[in-house]
Amino acid sequence: MKQTQQKSSTLLALTSAALALPGMSGKADAAAPVSEPVLRYHASHYREADIERKDHLGGSRERYEIDTHQLGLAAPLSRATDIKLDLMVESMSGASPWYVQPGAGGKPVQAMSGASIKEERYDIQGRLNHFVSSDTVLSYMAGYSDEDDYEAVNVGFEFEHTIPAKQLTVSSGIGYSDDEVEPTQGKTPVSVLKAEKDNLTLFAGLGLVLDARTAVQTSLSVSDQQGFLSDPYKLVYIANQNNPFYADSRPDERRQWVWLTRFRHFVPAANAAFHADYRYFDDDWDIESHTLELGWYQNVGPTWRIDTSLRWYSQTAAFFYAPYFLSQRADGYASSDYRLSPYGALGLRVKAVKKLGPWQLSAEFETYSAKASYSLDDVDVENPGLVEFNTFTLGFDRVF
Amino acid sequence: MRICIVLLAVLLVSACSVTKVEPWDRQYLSRPEMAWDPDNTTAAYRAHVYFSKEASSGGTGAGGGGCGCN
Chain A
1 MKQTQQKSST
11 LLALTSAALA
21 LPGMSGKADA
31 AAPVSEPVLR
41 YHASHYREAD
51 IERKDHLGGS
61 RERYEIDTHQ
71 LGLAAPLSRA
81 TDIKLDLMVE
91 SMSGASPWYV
101 QPGAGGKPVQ
111 AMSGASIKEE
121 RYDIQGRLNH
131 FVSSDTVLSY
141 MAGYSDEDDY
151 EAVNVGFEFE
161 HTIPAKQLTV
171 SSGIGYSDDE
181 VEPTQGKTPV
191 SVLKAEKDNL
201 TLFAGLGLVL
211 DARTAVQTSL
221 SVSDQQGFLS
231 DPYKLVYIAN
241 QNNPFYADSR
251 PDERRQWVWL
261 TRFRHFVPAA
271 NAAFHADYRY
281 FDDDWDIESH
291 TLELGWYQNV
301 GPTWRIDTSL
311 RWYSQTAAFF
321 YAPYFLSQRA
331 DGYASSDYRL
341 SPYGALGLRV
351 KAVKKLGPWQ
361 LSAEFETYSA
371 KASYSLDDVD
381 VENPGLVEFN
391 TFTLGFDRVF
Chain B
1001 MRICIVLLAV
1011 LLVSACSVTK
1021 VEPWDRQYLS
1031 RPEMAWDPDN
1041 TTAAYRAHVY
1051 FSKEASSGGT
1061 GAGGGGCGCN
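In the order they appear, the protein sequences are chains A and B. If you count the first sequence from 1, position 183 lands on 183 in our numbering, and the numbers rise without skipping. Just add 1000 to the spot in the second sequence (first one is 1) and you have our numbering.
Now the structure itself:
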């Protein structure tokens, strides 16, 4: 009996090593059970650029500043089961876009929330991976998120099966989130006192090892959102009304389709990995987007790595979006939220990683800028609320 | 459009030529920088930021709840 256990233990270790490959696992770290506990901590500072004077109508020009702490723990529970816990705590302050109205010559200008918003958000996510065989993993997820005006509970299940002879991994999953919004009564009026929404996501994917240096993964997912999908703090400006300010109003259903393809190629001559990710997004609000991210992960000596990536994003507008409205829409929907406007964005990220015994230290900087001119399509009128931000992150991993 | 995406995805995978890779030839594939997300903590943070600033999100799995991010 003891000999059988030793054999199966050795077999599991060998197959786990063979399976610990990108392309054979939906998530690289889910390919084999965690063998040693790992503790991770990241501290990030996010800062949005002040809104430009030429685009500013009133309220504070200072936009969001967010400090984030992330603590993660991954640990084995048994030979075939591991658990991962991730805690995120965010402290936010700053002003948020409130409404847009026509300025000089009809050019849209942005009014910001007057009072500085201060709030905190706590999010905890757990994941249990169970390896029912050397080729099959079942994962169970659950999470809870809480902030002053928002609460969300989510659960999920994922299945992953590898066919070693084909160098192929198939994966699928389902996720459900139940969210409740209770807007904070402040200096800006809110459109509801309490509301709910839920989100159901289904996905299926394939991962394929093409050769000893190349892997590709492609997946398709569909999400259905139902309930209160409007922004309770935002207003829209409708020019031909006696009181031109109306609440942001969106359909109470939204179906989203996402196709994601990821490519990884190792270049031995450079001792570096090339990453290419492309995501196509389409929904029944008429929003269509393209996201392309190219990355170069350069090893420098035995203990350093420099990661660099460039991200481009472009989206079309929701069918009920306009910077401001000349008259009310027949269906009653209206939003001037910059996130539903047509625009493009460019982001650049640089990260340095240093291994030091059981420690891994990292420092990361990312800069992001959204503009109408970065869009794939021509944009007639740019939303004045488009965001620019920088993030700076320090982190460590410690293996025990 | 959605049918085109599905067809494109199927074509993409079926068009890929696969070279047999033995377990002892997988040292490059198993390197951490070859993972889909070399750092899950960073990936979760970045996905959260983009989720709160862009109209599109998702694609990498089934997990996660919403937020009241403005």
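C-beta: ideal position from N, C-alpha, C; glycine also.
The beta carbon of Asn-154 of chain A sits closer than 6 Å to those of Gly-143 and Ser-177, all from its chain and outside the five residues before and after it, given in chain order.
When DSSP states are grouped into helix, strand and coil, Val-267 of chain A belongs to the strand group. The beta strand (DSSP E) runs lying completely inside the segment 33–78 of chain A and spanning 3 residues or more are 38–48, 56–58 and 65–78, given in chain order.
Contact annotation: Tyr-333 of chain A and Pro-251 of chain A have beta-carbon atoms nearer than 8 Å. Neighbours of Asn-199 of chain A across chain B, judged by C-beta separation under 7 Å: Gly-1066. Residue-level contact check: Ala-1055 of chain B touches chain A, since one or more beta carbons of chain A fall below 8 Å from its beta carbon. Nearest CB-CB separation between Ile-83 of chain A and chain B: not below the 8 Å threshold.
The straight-line gap separating the alpha-carbon atoms of Phe-245 of chain A and Tyr-343 of chain A is approximately 24 Å. Comparing alpha carbon positions, the residue from A:Val-216, A:Ser-289, A:Ser-314 and A:Phe-320 closest to Ser-249 of chain A is A:Phe-320.
Its chain contains Pro-323 as the residues whose beta carbon lies nearer than 6 Å to that of Val-381 of chain A, once the 5 sequence neighbours on both sides are disregarded; these appear in chain order. With respect to the 8 Å criterion, His-42 of chain A and Thr-1041 of chain B are classified as neighbours on the basis of their beta carbons. For Asn-383 of chain A, the secondary structure class from DSSP, reduced to helix, strand or coil, is coil.
Counting only the Cα atoms, Val-137 of chain A lies some 27 Å from Pro-358 of chain A. Counted as a single uninterrupted DSSP element, the alpha helix (DSSP H) harbouring Lys-1053 of chain B occupies residues 1040–1053. Chain B has no Cβ within less than 8 Å of the Cβ of Thr-367 of chain A. Positions of the beta strand (DSSP E) runs, each at least 3 residues long and wholly inside the segment 297–329 of chain A, are given as 304–315 in order along the chain. Only Phe-203, Leu-206, Leu-208, Val-209, Leu-210, Asp-211, Ala-212 and Arg-213 from the segment 202–214 of chain A bring a Cβ to less than 7 Å from some Cβ of chain B.
A direct Cα-to-Cα measurement between Gly-1061 of chain B and Gly-173 of chain A gives close to 7 Å. About 5 Å separates the CB atoms of Met-92 of chain A and Ile-66 of chain A; that is less than 8 Å, so the two are in contact.
Interface annotation, Arg-250 of chain A: not in contact with chain B, CB-CB separation never under 8 Å. Taken through DSSP and simplified to helix, strand or coil, Asp-337 of chain A comes out as coil. By the rule that beta-carbons nearer than 8 Å mark a contact, Ala-1044 of chain B touches chain A. Spatial neighbours of Gln-185 of chain A in its own chain (CB-CB distance under 7 Å, excluding positions within 5 residues in sequence) are not present. Under the 8 Å criterion on CB atoms, Gly-301 of chain A is classed as non-interfacial with respect to chain B.
For Asp-224 of chain A, the uninterrupted beta strand (DSSP E) segment begins and ends at 214–227. Relative to the Cα of Ala-318 of chain A, the nearest Cα in the group A:Gln-226, A:Thr-308, A:Ala-372 and A:Tyr-338 belongs to A:Tyr-338. The C-alpha of Ala-80 of chain A lies about 32 Å from the C-alpha of Asp-146 of chain A. Closer than 9 Å at the C-beta level to chain B, one finds these residues of the segment 275–288 of chain A: His-275, Asp-277, Arg-279, Tyr-280, Phe-281, Asp-282, Asp-283, Trp-285, Ile-287 and Glu-288.
Contact between Tyr-150 of chain A and Asp-179 of chain A holds, since their C-beta atoms are separated by about 7 Å, short of 8 Å.
Three or more Cβ pairs closer than 8 Å define a contact, and the segment 94–114 of chain A falls short of that threshold against the segment 162–171 of chain A.
Ile-83 of chain A: member of the beta strand (DSSP E) spanning 81–94, first to last residue. The alpha carbon of Arg-1026 of chain B has as its nearest neighbour, out of A:Phe-365, A:Val-379 and A:His-265, the alpha carbon of A:His-265.
Under DSSP, Ser-1030 of chain B shares a beta bridge with no residue. Taking Gly-175 of chain A as the centre and dropping the five residues before and after it, the same chain places the C-beta of Gly-156 and Thr-201 closer than 6 Å to its C-beta, in chain order. Chain-order list of chain A residues neighbouring Ala-1047 of chain B: empty, with the shortest C-beta distance near 11 Å, by a criterion of under 7 Å.
Here Asp-231 of chain A is actually not in contact with Arg-254 of chain A; their C-beta atoms are around 13 Å apart, not less than 8 Å.
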